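Okay, so here's the structure we're looking at.
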Amino acid sequence: MADRRPRKVGILTSGGDAPGMNAAIRAITRTALKEGLSVIGFYRGYEGVVNKHYTELERKSVANIVQRGGTILRSARCAEFMTPAGRDKAADNLRELGVDVLFVIGGDGSLKGALALREHWDGQVIGLPGTIDNDLDGTDYTIGYFTALDTAVHAIDKVRDTADAFERIFLVEVMGRMAGFIALGVGIGCGAEEVLVPERDFELRSLINRIQDSRATGKLSCIIVVAEGVVHRGVKSLDERITIHDSSMLAKEIQRETGLDSRAVILGHIQRGGNPAALDRMLASMLGTYAVEAALKGETDVMAGIHAQKRCLVPLAETWAERKSLDDFMLHVQHTLA
Ligand code: ADP
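Numbering-wise, this note's numbering comes out as the position in the sequence shown, counting from 1, plus 126.
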């Protein structure tokens, strides 16, 4: 806990961008200004702190951004900040600029960076969960997750039309290197027949058996939603001779075995873009105001989150210490309804 009222705050967005980051910047800025604090925004994540690249933020600087995707402060991955010397430089700059609180909006890497910075700087750091992956522990949802779900669901609705028309199998790869939250949410939202997530083992043979059984009952199209982590980790081919590392090859393997026309669609970066969904705007706005009020109470080294409909502050280290678990009931829902 800090022992004096902050006067100046800094904001940065870091790592993978997520829709709703702008709404968070706006909420932090406007709440802080209302409390009589001055606000600066650092450009390109930690790079802006290391290189003193920043701008003063006024009420008007954040006008008309609540609905915009991306981040007006830009985002980046900063290798220099990964080193103690880089963080020392950042800490010197924060002292020189008179920043008392740094708000970091980003994913687990960015929040690790925020805590690492505290070894060099005695200001306050407060994290906001900004990632489409929803993989930060301690918060039920992260800023950007709802928009990514909507974007992917709308894209797969279109894929479904052509899957039905041509009686095809479509393997749709969505983001999620380590976590299946997007794949599972999207799979339920678009009524996918199968969902493959990194958290659960998966066997190609049984997947193919299920596809063939479903064909036998007259179902002609099939959507398989696969989190990228599943294919990046590798899937053993049916004869076990090779490991398949991309969705197109996996679709070919399914086609070879079933004789059914199978295609892969990789949704890629469209999942990061677009205007934030209403829920992301609400979450970002709520967490932004809450984070500033927490800072004024002297909180530090925490992430502002939401759990069971309640706002909460989670020690930063707890947000990545354990892998956030997928809800078994939602997996059950997907199996039941497919
Ligand atoms: P995300 O926040 O989306 O998970 P990254 O993992 O790429 O994205 O992290 C974003 C940035 O946060 C990195 O480029 C680096 O500047 C900083 N960062 C990540 N991990 C650490 C760490 N362990 N120590 C210090 N800084 C880190």
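All C-beta atoms, glycine included, are put in the ideal place defined by N, C-alpha and C. Remember, it's a predicted structure, so these values are computed and weren't measured experimentally.
Which of the three DSSP states is assigned to SER363 in this structure?
SER363: coil per DSSP, three-state reduction.
Which runs of the alpha helix (DSSP H), 4 residues or longer, sit entirely within the segment 326 to 351?
Whole alpha helix (DSSP H) segments, 4+ residues: 330 to 342.
Could you give the distance in angstroms between the alpha-carbon of ARG130 and the alpha-carbon of GLY424?
Counting only the Cα atoms, GLY424 lies some 8 Å from ARG130.
Collapsed DSSP secondary structure at GLY315 in the structure displayed:
Three-state DSSP puts GLY315 in a helix.
C-beta contact flag for GLY270 and THR257 at 7 Å:
Judged by their CB atoms, GLY270 and THR257 are nearer to each other than the 7 Å cut-off.
Is GLY235 close to ligand 1? I mean its beta-carbon at under 6 Å from any heavy atom of the ligand.
Relative to the non-hydrogen atoms of ligand 1, the Cβ of GLY235 comes within a distance shorter than 6 Å of at least one.
PHE455, buried or exposed, once every other Cβ within 10 Å from all chains shown has been counted against 16
Exposed is the label assigned to PHE455, since fewer than 16 other Cβ atoms lie within 10 Å of its Cβ.
Return yes when the C-beta of ALA242 is under 6 Å from any heavy atom of ligand 1, and no when it is not.
Answer for ALA242: yes, Cβ within range of ligand 1.
ALA217 versus THR155 - alpha carbon distance:
One Cα belongs to ALA217, the other to THR155, and the distance between them is close to 21 Å.
Would DSSP call TYR180 helix, strand or coil?
It is a strand residue.
Cβ of SER201 versus every heavy atom of ligand 1: is any distance shorter than 6 Å?
Every heavy atom of ligand 1 is 6 Å or more from the Cβ of SER201, so no.
LYS284: buried (16+ other C-beta within 10 angstroms of its C-beta) or exposed?
By the 10 Å Cβ count, LYS284 comes out exposed.
Looking at PHE207 and ligand 1, is the gap between the Cβ and the nearest heavy atom below 6 Å?
Yes, the beta carbon of PHE207 sits closer than 6 Å to at least one heavy atom of ligand 1.
Can you tell which of MET429, ARG398, ASP339 has the C-alpha that lies nearest to the C-alpha of LEU241?
Here the closest residue by C-alpha is MET429.
Coarse secondary structure for VAL280, derived from DSSP in three states
As written in the sequence, residue 280 is His, which differs from the Val given in the question. Note: HIS280 maps to helix in three-state DSSP.
For ligand 1, any of its heavy atoms closer than 6 Å to the Cβ of GLY141?
Yes, ligand 1 has a heavy atom inside 6 Å of this Cβ.
Residues of its chain near GLY306, where Cβ-Cβ distance is below 7 Å and the 5 sequence neighbours each way are ignored:
So the qualifying residues of the chain are VAL323, PRO324, GLU325, ALA353, LEU452.
Spell out the partners DSSP gives ARG389 in its beta bridges.
BP columns for ARG389 point to PHE296.
In this structure, how does DSSP classify ARG203 when only helix, strand and coil are distinguished?
Here ARG203 sits in coil by DSSP.
Do VAL279 and GLY315 come within 7 Å of each other at the CB atom, strictly closer than that value?
Contact flag set, yes.
Let me make sure I understand the geometry here. Which of ILE368, VAL251, ILE392, ASP276 has the alpha-carbon closest to that of LEU111?
Lying outside 127 to 464, the shown extent of the chain, residue 111 is not represented and no answer is given.
Cβ of CYS438 versus every heavy atom of ligand 1: is any distance shorter than 6 Å?
No; taking the cut-off as 6 Å, the Cβ of CYS438 has no heavy atom of ligand 1 nearer than that.
Taking DSSP as the reference, what is the three-state secondary structure of HIS371?
The answer is coil: DSSP assigns HIS371 none of H, G, I, E or B.
Between LEU138 and VAL175, which are expected to be in contact by the criterion C-beta below 8 Å, what is the C-beta distance as a whole number of angstroms?
Going by Cβ atoms, the distance from LEU138 to VAL175 rounds to 7 Å, so yes, they are a contact pair.
My understanding is that SER236 touches GLY141, with C-beta atoms under 8 Å, so please give their C-beta distance in whole angstroms.
Distance from SER236 to GLY141 at the Cβ level is roughly 5 Å; contact confirmed, criterion being Cβ atoms closer than 8 Å.
With distances taken between CB atoms, is the gap from ALA99 to ILE349 smaller than 7 Å?
Nothing can be reported for residue 99, as the shown portion of the chain is limited to 127 through 464.
Under a Cβ-count criterion, where at least 16 other Cβ atoms within 10 Å of its own Cβ denotes burial, should SER332 be classed as buried or exposed?
It counts as exposed.
Host alpha helix (DSSP H) of PRO441 (start-end)
Counting along the chain, PRO441 falls outside any alpha helix (DSSP H), though it belongs to the beta strand (DSSP E) covering 436 to 441.
Excluding sequence positions up to five away, which residues of its chain have a Cβ less than 8 Å from the Cβ of GLU383?
For GLU383, where only same-chain residues beyond five positions count, the Cβ hits under 8 Å are ILE334, LEU364.
Verify the contact flag: TYR267, CB atom, against every heavy atom of ligand 1, threshold strictly below 6 Å.
At a cut-off of 6 Å, the beta-carbon of TYR267 does not count as near ligand 1: no heavy atom of the ligand is closer than that.
If you drop the 5 nearest sequence neighbours on each side, which residues of the same chain put their C-beta closer than 8 Å to that of ASP287?
Excluding sequence neighbours, ASP287 sits near nothing in its chain.
Shorter than 6 Å, the distance from the beta carbon of LYS238 to the closest heavy atom of ligand 1, or not?
Correct: LYS238 has its Cβ closer than 6 Å to ligand 1.
DSSP has ALA403 in a bridge; who is on the other side?
DSSP lists no beta-bridge partner residue for ALA403.
So, for LYS436: in the same chain, excluding its five sequence neighbours on each side, which residues have a beta-carbon less than 6 Å away from its beta-carbon?
Short of 6 Å from the beta carbon of LYS436, and not among the five residues preceding or following it, lies no beta carbon of its own chain.
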